[in-house]
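Asks:
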Amino acid sequence: MSMNREQKRAARKAGQVNEDGSPVSVRERRAPAQQRLNQERTKPRQFIREVRGEMKKVNWPTKEVVIRYSIIVLVSLIVFTLFVFACDYLFEKFFNFVINPGKRQAAESLRQGIALTLGSY
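Throughout the sequence shown, residue numbering follows my numbering, covering 40 to 160 in sequence.
#1: Using the DSSP secondary-structure output, state which residues sit across from V56 in a beta bridge.
#2: Kindly indicate which three-state DSSP category S41 falls into: helix, strand or coil?
#3: Which residue comes first and which comes last in the alpha helix (DSSP H) that contains R91?
#4: Do you know how far the Cα of V104 is from the Cα of L113?
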């Protein structure tokens, strides 16, 4: 497969071919890393020391950042909860209206009948 000019320039720039177009000799590869088979296990005290050392390297957030992010999360939670509640309420009203259109009229008639009955006493 032949390469066009752009591919040749890119290969030269990457160090894969010489100026004359001949391939560059391949670098020697390292032997794969050998696993530690015969070493002793890390003692608990050494493990704790290493964990403390790594924990000191961690970039911990400041108190102000934690408070700011907590407020953002709580406000987002409240807004999303209100949104879901509103959608649920509106869907319930819509589907009750679509599925049972006569039920509302029956309830109103029942209320009027009760009012008339109670009004006569």
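Beta carbons: idealized from backbone N, C-alpha and C, even for Gly.
Computed from a predicted structure; not experimentally measured.
Replies: Taking the geometry as given:
#1: Within the sequence shown, numbered from 1, the residue matching residue 56 stands at position 17. Answer is P62, bridged to V56.
#2: Your numbering for residue 41 matches position 2 in the sequence shown. Looking at S41 - three-state DSSP - the assignment turns out to be coil, as it is neither helix nor strand.
#3: For the purposes of this step, residue 91 is taken as residue 52 along the sequence shown, with counting starting at 1. That run of the alpha helix (DSSP H) goes 83–96.
#4: The residue labelled residue 113 in the question sits at position 74 within the sequence shown. The residue labelled residue 104 in the question sits at position 65 within the sequence shown. Their Cα atoms are separated by approximately 14 Å.
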